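*Asks:* Numbered per the working numbering, the sequence shown spans residues 5 to 259.
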Amino acid sequence: MDQAIARVARAIECAERILVISGAGLSAESGLPTYRGIGGLYNGFTEDGLPIEQVLSGPVLRSQPALCWKYLAELGRACLGAQPNAGHLAIAELQRRKPQCWVLTQNIDGFHQRAGSPEERLICIHGAMQPLYCQSCAAESETLEAALRGGLPPRCQACGGILRPPVVLFEEMLPEAALEQLYSELGKGFEVVLLVGTSASFPYIAEPVLRTRQAGGFTAEINPDLTLLSHSVDVRLAGRALDVLVNLLSHISSH
Ligand code: APR
Numbered sequence: 005m006d007q008a009i010a011r012v013a014r015a016i017e018c019a020e021r022i023l024v025i026s027g028a029g030l031s032a033e034s035g036l037p038t039y040r041g042i043g044g045l046y047n048g049f050t051e052d053g054l055p056i057e058q059v060l061s062g063p064v065l066r067s068q069p070a071l072c073w074k075y076l077a078e079l080g081r082a083c084l085g086a087q088p089n090a091g092h093l094a095i096a097e098l099q100r101r102k103p104q105c106w107v108l109t110q111n112i113d114g115f116h117q118r119a120g121s122p123e124e125r126l127i128c129i130h131g132a133m134q135p136l137y138c139q140s141c142a143a144e145s146e147t148l149e150a151a152l153r154g155g156l157p158p159r160c161q162a163c164g165g166i167l168r169p170p171v172v173l174f175e176e177m178l179p180e181a182a183l184e185q186l187y188s189e190l191g192k193g194f195e196v197v198l199l200v201g202t203s204a205s206f207p208y209i210a211e212p213v214l215r216t217r218q219a220g221g222f223t224a225e226i227n228p229d230l231t232l233l234s235h236s237v238d239v240r241l242a243g244r245a246l247d248v249l250v251n252l253l254s255h256i257s258s259h
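1. Terminal residues of the continuous alpha helix (DSSP H) containing Cys141?
2. Based on the DSSP output, what are the partners of Glu225 in its beta bridges?
3. Measure the alpha-carbon distance for Gly120 versus Glu51 and round it to whole angstroms.
4. Kindly indicate the opening and closing residues of the beta strand (DSSP E) around Ser26.
5. Ends of the beta strand (DSSP E) at Cys105?
6. For Ile16, which residues from the same chain have a beta carbon less than 7 Å from its beta carbon, with the 5 sequence-adjacent residues on both sides left out?
7. Excluding the five sequence neighbours on either side, which residues of its own chain have a C-beta within less than 8 Å of the C-beta of Thr147, listed in chain order?
8. Is it buried or exposed, Ala96, if we count other Cβ atoms within 10 angstroms and call 16 or more buried?
9. Name the residue from Leu246, Ser258, Ala242 whose alpha carbon lies nearest to the alpha carbon of Asp6.
10. Does at least one heavy atom of the ligand FAD sit under 7 Å from the Cβ of Asp113?
11. DSSP three-state call for Leu54: helix, strand or coil?
12. Would Arg159 and Leu65 qualify as a contact pair, given that the criterion is a beta-carbon distance under 8 Å?
13. With DSSP collapsed to three states, give me the class of Ser257.
14. Thinking Leu93 and Val107 are a contact (beta carbons under 8 Å), I'd like their distance in whole angstroms, please.
15. Cα separation between Gln218 and Gly53?
16. Give me the Cα-Cα distance between Ser236 and Ala224, rounded to the nearest whole angstrom.
17. Within the present structure, is the beta-carbon of Gly62 separated from the nearest heavy atom of the ligand APR by less than 7 Å?
18. Ile16 lies in the beta strand (DSSP E); which residues open and close that run?
19. Report the residue from Glu189, Lys192, Ile112, Ile166 whose alpha carbon sits nearest the alpha carbon of Ser140.
20. Where does Glu49 land, buried or exposed, given buried means 16+ other C-beta within 10 angstroms?
21. Taking 7 Å as the cut-off, does the CB of His130 come closer than this to any heavy atom belonging to the ligand APR?
22. In chain order, what residues of the same chain lie with their CB nearer than 6 Å to the CB of Pro55, ignoring the 5 residues before and after it?
Listed below in structure tokens is the structure:
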């Protein structure tokens, strides 16, 4: 592992434009469940007998808001009850050392922001769990925490409409602004792309890796298991995000 770590550290040290792509595996170390693989949220059916991908979908939020909010509240409580871990902090430290280091996250837990990653270089491609907004009058509402203390589904104080988080639910489109930012930065090219804790299940996650490789850049993956991109990256660091990222940062000079 140490030779592989040294190789990734060297590539990062020599690079200016770096993209870190994070997934649920980074937050697994904070105690949040991943979606796929062992113990993943998607492996089973909910107690309501429906797959989680169905209850956490746009159509169910519209047709059965109380059912959707039952699981949104569960996700929300898990995020509010957990903390960013040393892996998030290591990524924020890397961004401090490298002013053109960006983060593309699929996570909706807000941990990158709480760990100190600059919002202007953080692309949240699946949105976030707050601030809630009203689906009827679009008024932004109280915090998720306050909403979870009240009845579900939470209602807009201004018009009585049902509130929702700005998260991308199943069968919903990705946020335009985040997509535009991603493709604008991709267009400038990245010298290094680092995949952390993601099964790379989506084309917009694979694309930055494949484009960087084609352009002669360096790509690496941090994951205890193999993924769809394991055979496409230059280096695979087979380990847990927290341990590997802390180790990696210790091999990168801070100036
Ligand atoms: N460190 C690093 N990686 C880990 C760890 C860990 N401690 N534990 C698990 N992993 C890896 C798993 O091996 C898996 O490859 O994290 C990955 C988690 O994959 P998913 O559960 O598919 O999560 P993610 O890739 O983020 O899913 C993408 O799917 O449905 C959507 O919105 C959902 O954002 C999510 C997206």
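By construction, the Cβ of each residue, glycine as well, lies at the ideal position given by its N, Cα and C atoms. Everything numeric in this text was worked out from a predicted model, so none of it was measured.
*Replies:* Working from what's here:
1. Neither: Cys141 is in no alpha helix (DSSP H) and is coded neither H nor E.
2. For Glu225, the pairing in a beta bridge is given by DSSP as Leu199, Arg240.
3. Going by the C-alpha atoms only, they are around 37 Å apart.
4. First-last of the beta strand (DSSP E) with Ser26: 22-26.
5. Residues 105-109.
6. Residues Ile22, Val196, Ile256 of the same chain have their beta carbon placed closer than 7 Å to that of Ile16, with the five preceding and five following residues left out of the count.
7. Gln134, Pro135, Leu136, listed in sequence order.
8. Within 10 angstroms of the beta-carbon of Ala96 lie 16 or more other beta-carbons, which makes it buried.
9. Closest by alpha carbon: Ala242.
10. For the ligand FAD, the structure offers nothing, since it holds only the ligand APR.
11. Three-state result, Leu54: coil.
12. No, the pair does not count as a contact, with Cβ atoms beyond the cut-off.
13. Judged by DSSP in its simplified three-state form, Ser257 adopts coil rather than helix or strand.
14. Between Leu93 and Val107 the beta-carbon gap is near 13 Å, outside 8 Å, which marks them as no contact.
15. As the crow flies, the alpha-carbon of Gln218 is around 44 Å from that of Gly53.
16. Each residue's Cα considered, the two are about 9 Å apart.
17. It does not: the Cβ of Gly62 is nowhere closer than 7 Å to a heavy atom of the ligand APR.
18. It is not in any beta strand (DSSP E) - Ile16 instead sits in the alpha helix (DSSP H) that spans 6-18.
19. Cα-wise, what sits closest to Ser140 is Ile166.
20. A small fix is needed here, since residue 49 is Phe in this sequence, not Glu. Per the 10 Å Cβ criterion, exposed.
21. Of the heavy atoms belonging to the ligand APR, at least one sits nearer than 7 Å to the Cβ of His130.
22. Excluding sequence neighbours, Pro55 sits near Phe49.
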